[in-house]
Each structure stands twice: as C-alpha cells, then as structure tokens.
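First up is the structure itself, then whatever we jot down about it.
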Amino acid sequence: MCGGSTPLIDPATGTDYDCSPGMDTCPDGSYCHYNLQFAKCCKELSPEVRNPPITKCSETEFGCCKDGKTPARGAGAGGCP
C-alpha cells in the first residue's frame, strides 16, 4: 500500500488516517489509497517519482537509432541521422 511507503498518521489520534466513505478526508499533499480491505491516506508522490524520467533510448516509444544512443522520433528509426 502507498507504493511501498507507510500510510500517513493522524497526529491527533496517533493512528492511520482512514479515508473509507464517511470517515476522514486525507490532508493536503496526500491521496486516498483504497481497495476492498483498506482505505488509507498516502503521501502524494512528486511527478518525478510517479513517472521517472526516461534515461535510455531503449525506454522510449520508438527505441534507439542505429547508434544505440539517440532516441528515434518515429517508427522504423524515423528521425534518425
């Protein structure tokens, strides 16, 4: 739960926030992570953590150019030198 992090603790009660319907709302900077077994408030992750930057051309939509370093801009090595 919470992407491997611990749920947020309500400082007033010392227990996890419970964001089940009709219960607590999550504080600013957090979101409600829930399924059939639980509903807990989790710290909102920064965009960099949620979607880490692509560091290898092989991770891009069209892969690498023949040089193995430059990201292709289109299918079939489109846009490659």
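Heads up, the sequence shown stops at 1258 in the working numbering, and the numbers go up one at a time, no gaps. In this text, a Cβ means the ideal position worked out from N, Cα and C, and glycines have one as well.
Query	Result
For C1196, which three-state DSSP category applies?	coil
Could you pull the start and end residues of the beta strand (DSSP E) that T1209 belongs to?	Strictly speaking, residue 1209 in this sequence is Cys, with Thr absent from that position. Note, C1209: beta strand (DSSP E), S1207 to Y1211.
In terms of alpha-carbon separation, which member of D1244, C1257 and Y1211 lies closest to S1197?	Y1211
What is the residue span of the beta strand (DSSP E) that C1179 lies within?	Taken as a continuous stretch (DSSP letters only), C1179 belongs to no beta strand (DSSP E), as it is neither H nor E.
Under 8 Å between the Cβ atoms of C1218 and C1203?	yes
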